[in-house]
Amino acid sequence: MKARPRAAAAAGERGTRTAEEARIAFSSASCLSMAGPFGSPGDESIKRSEYNRMPPMFVYDQYDECLFSDPDEVVGTYCMVRVVVKPDNASSIWRLIETFSSNTKLHMNHALLDRGICVIDVAETIARLKVDNISALVVPKFEIGFPYIYRYNSFRNVEPYKKNYSDLMAAIVNTDLTERYGLQAYTEIEYCDRTGVDEFPIDGVDIAFLVFIAVLIIAVIASSYYDASWKSSNGLKHYQKDLPCKKSMLLSSFSLTRNWYRLVSSSRDPTSRELRFIQAVRFLVVTLVVYSHAAFFVQPRNGWVIEQTYHDTVSMIVANATQLVTTFFFISAFVFTITFVKKIKDSGRTPGLMEIAVIIVNRYIRPRRFGFWYDAPSRSQYFPAYTYLGVYVSGIIIGFVYLKHRIAGKGIRSNMWFRVAFLSIFIIAPAMFLSSRIFYEYEFPKPSVWMSVYSAGSRVLMTILIALGFFGITFQVSKTLTRFLNHKIFEVLGRLTYGTYLVHYCMVKIMFFNVRELSNLGMFDLIVKTCATMLISTLASLALVLMIELPISALQKQLLQTFLKPSTHNNNNNEPEDTERNAGYTSEESIKLQPKALKGAF
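According to our numbering, the residues represented by the sequence shown are 2 to 603, in order.
1) For a minimum of 4 consecutive residues, which ranges assigned as the alpha helix (DSSP H) are wholly contained in the stretch 199–282?
2) DSSP three-state call for I190: helix, strand or coil?
3) Using three-state DSSP, classify S167 as helix, strand or coil.
4) In chain order, what residues of the same chain lie with their CB nearer than 7 Å to the CB of R54, ignoring the 5 residues before and after it?
5) Am I right that G304 and M58 are in contact with their C-beta atoms under 8 Å? What's the rounded C-beta distance?
6) What are the partner residues of G613, as DSSP defines its beta bridges?
7) Which residues in the same chain as V140 place their Cβ atom closer than 8 Å to its Cβ, once the five residues preceding and following it in sequence are excluded?
8) Of all the options V394, T338, T483 and A386, which has the alpha carbon lying nearest to the alpha carbon of F423?
9) Express the C-alpha separation of R269 and E275 in angstroms, rounding to a whole number.
10) Mind the definition here: the stretch 342–362 touches the stretch 418–436 only if three or more C-beta pairs lie below 8 Å; say whether that holds.
11) Helix, strand or coil: which one does DSSP assign to V299?
12) Can you check whether the CB of Y149 is closer than 7 Å to the CB of L178?
13) With 16 as the cutoff for other CB atoms within 10 Å, does N134 come out buried or exposed?
14) Note down the Cα distance separating S34 from Y311, rounded to an integer number of angstroms.
15) Going by the CB atoms, is the gap between V287 and T501 shorter than 7 Å?
16) Which same chain residues end up closer than 7 Å to V362 when comparing Cβ atoms and leaving out the 5 residues on each side of it in sequence?
17) Going straight from the alpha carbon of E576 to that of R277, what length do you get?
18) What are the start and end residues of the alpha helix (DSSP H) that includes E492?
19) Figure out for me which residue from K510, I279 and A541 has the closest Cα to the Cα of N487.
20) Can A281 and F491 be called in contact, C-beta distance under 7 Å?
21) Here's the rule: buried if 16 or more other CB atoms are within 10 angstroms of the residue's CB, otherwise exposed. What is Q300?
22) Which residue comes first and which comes last in the alpha helix (DSSP H) that contains K343?
23) Determine the closest residue to G441 out of E99, V60, R407 and H108, with distance taken between C-alpha atoms.
24) Please list the terminal residues of the continuous alpha helix (DSSP H) segment that includes Q309.
25) For L540 and V60, what's the separation of their Cα atoms in angstroms?
26) Which partner residues does R195 have in the DSSP bridge list?
27) Is it the case that the Cβ atoms of A544 and S254 are separated by a distance below 7 Å?
28) I'd like to know whether the C-beta of V392 is nearer than 7 Å to at least one C-beta of chain B.
29) Alpha carbon to alpha carbon, what distance is there between F213 and G205?
30) Which ranges would you report for the beta strand (DSSP E) in the stretch 393–477 if only whole runs of at least 3 residues count?
31) Go through its chain and collect everything with a Cβ distance to V392's Cβ below 6 Å, but skip five positions before and after it.
32) Based on Cα-Cα distance, which residue from Y240, S266 and P271 lies nearest to S256?
33) On the premise that L264 lies in contact with V546, defined as a C-beta separation below 8 Å, what is that separation, rounded to the nearest angstrom?
34) Take F298 and list the residues in its own chain whose beta-carbon comes closer than 6 Å to its own, dropping the five residues that flank it on each side.
35) Go through its chain and collect everything with a Cβ distance to T498's Cβ below 7 Å, but skip five positions before and after it.
As structure tokens, this is what we get:
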């Protein structure tokens, strides 16, 4: 079998792509994350020559050459096969596999192999094996102490292929393993593709999606034309001002040009201008998230390439995503606090249990996928709510501290101790990112009190550093850094980060699962792939914002305007007013609230 990128099967056909995505995600989890069956971690030091004695973890025949044939040619069948090496203590290669794979933190499970096998002519394939009975090469299933195959019925028409090709695939794999390594393995077909057979037609969901896209495009074109028909001699300034009547504003909600100016315009609110650096922080966090996911999905040359990344210092920064999650929760709480205070002033209402119920529905129940309520594996993938509760509460507290002291606090930028504390961020924060490496390099007995303290304390310390950074940038301790983060380009990119985050997984899979190349997982290679993914994801986010998010926001503003005080919407400019999109900024006057106005808010 010829070497083949892991994504080979995914690139062939639409039906295959979904199967391959699930296979790769499951394979990565089972190889790197699960607890292996081999006991405590072993010696990780190994020479490349010794490493090459073990069977390669994934080998694939050429998918294109197998299936992309002319109609008058023999139809080929391409099968993805999961291979579990049978333990054999008499074999030195097995003992090497067992010892090396025992370190499940740093090494993949080399007893679990992937094979992509192409069969054009069954009789010819059997003849090449030079055996009288291929059933003699089939290894019965034995007790396997780890997940080895995806069993959630994600692949169509699997059973007929298993019935017709299982023995043949087992014979092909075991012939190769026996001749080259003196090993045998249990094999199981995960899915198969066949020319002209497993192509799935467009269904009702596809048609509904295409109809939605067509309606959306028509709405954008019609709304843009209607908006342009109102344009007078003011030129492009027309799109930066409200139209004279509510009906016209409703009909122009999907205007592409008007929404573009909503996106790029800056708020004139003083607090908004002070905190616009948050958009740069959001963009940076999403970039690091995309980088980490790109590193996870990129197709490596072999298992060695993956395993070596866990000995790399920079990779530890990617692996330790706790600080990124902490930053996200802190920003969310900080922004929510300022937004909440602004809503109190704008609505003139005293918050109570109803507001809390609405917040729970909108921020917890509504975004939660239906299946996650009952699917135990899905729920187990997420941290418990209390894990970051302290971070979120800290963000709320810092939000109120900022609102109360934002004017008087500007005097502390000349304080020497505050400047030292601010500059210490650039030393302590990288050290925190790298601190997780000790948990990859060493095995500690569990449960452990000090590890629990580290887990909680690291989040608290990161929260303090983020708060110091926010105040330091706001009060311009480093004017150069503040000017850089306040650049207008980050203000626009920050508004696109939510959409970028939503679509980046899809873009990563499209880019990395449709390639015919292997990667060394080098820093330059990953940076190039990350930049490409960020660019495509940002462009997709731009389309979502201009065609869906901002138009819906404009519609909501017009339809719900009657529930607000007249003074809150007498604004004749087109600057963005979605407080969440603009980090929930509020005016200086909004902090002048009576104490009873906040009573019952929490």
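Virtual Cβ for every residue (Gly too), placed ideally from N, Cα, C.
Since the model is a prediction, treat every value here as computed from it, not as a measurement.
On the basis of the coordinates in this document:
1) Listed in chain order, the complete alpha helix (DSSP H) runs (minimum 4 residues) inside the stretch 199–282 are 205–230, 247–252, 257–265 and 271–275.
2) The DSSP-derived three-state label of I190 is strand.
3) Judged by DSSP in its simplified three-state form, S167 adopts helix.
4) I94 and L97.
5) Sure, about 4 Å apart at Cβ, within 8 Å.
6) Within the shown structure, residues of the chain are numbered from 2 to 603, placing residue 613 beyond reach of any answer.
7) Excluding residues within five positions, the ones whose Cβ falls inside 8 Å are K87, A171, N175, Q185, A186, Y187 and T188.
8) The residue with the shortest Cα to Cα distance from F423 is T483.
9) R269 has its alpha-carbon roughly 10 Å from the corresponding atom of E275.
10) By the Cβ criterion, the stretch 342–362 is not in contact with the stretch 418–436, since fewer than three pairs of Cβ atoms, one from each stretch, lie closer than 8 Å.
11) Three-state DSSP puts V299 in coil, outside helix and strand.
12) L178 places its beta carbon 7 Å or farther from that of Y149.
13) By the 10 Å Cβ count, N134 comes out exposed.
14) For S34, the predicted structure reports a pLDDT of 35, less than 50, and the residue's modelled location is therefore unreliable. The matter cannot be settled from this model.
15) Closer than 7 Å, so yes.
16) Hits under 7 Å: none found.
17) Reliability of the predicted coordinates at E576 is poor, the pLDDT of 48 falling under 50, and no value is obtained from them.
18) Here the alpha helix (DSSP H) through E492 covers K489 to F513.
19) Distances from the CA of N487 to each of K510, I279 and A541 were compared; the closest alpha carbon is that of I279.
20) Their beta carbons are under 7 Å apart, which means A281 touches F491 by this criterion.
21) With 16 or more other Cβ atoms within 10 Å, it is buried.
22) Run containing K343: T323 to S348, per the alpha helix (DSSP H) assignment.
23) The sequence given here has Tyr at residue 441, not Gly. Ranked by how close their Cα comes to the Cα of Y441, the residues E99, V60, R407 and H108 have H108 in first place.
24) Segment G304 to T310, the alpha helix (DSSP H) holding Q309.
25) The alpha-carbon separation between L540 and V60 amounts to approximately 35 Å.
26) R195 is bridged to T78.
27) Contact check for A544 against S254 fails: the beta carbons are separated by 7 Å or more.
28) Checking the listed chains, one finds no chain B in this structure; it contains a single protein chain.
29) Looking at the backbone, the Cα of G205 and that of F213 are separated by about 12 Å.
30) Segments of the beta strand (DSSP E) lying fully in the stretch 393–477: there are none.
31) Spatial neighbours of V392 in its own chain (CB-CB distance under 6 Å, excluding positions within 5 residues in sequence) are listed in chain order as T327, F330, F331, R460 and T464.
32) Nearest C-alpha to S256: Y240.
33) Contact flag correct, Cβ pair sits at about 6 Å.
34) Hits under 6 Å: V509 and F513.
35) Excluding residues up to 5 positions away in sequence, R283, F284 and V287 lie with their Cβ nearer than 7 Å to the Cβ of T498 in the same chain.
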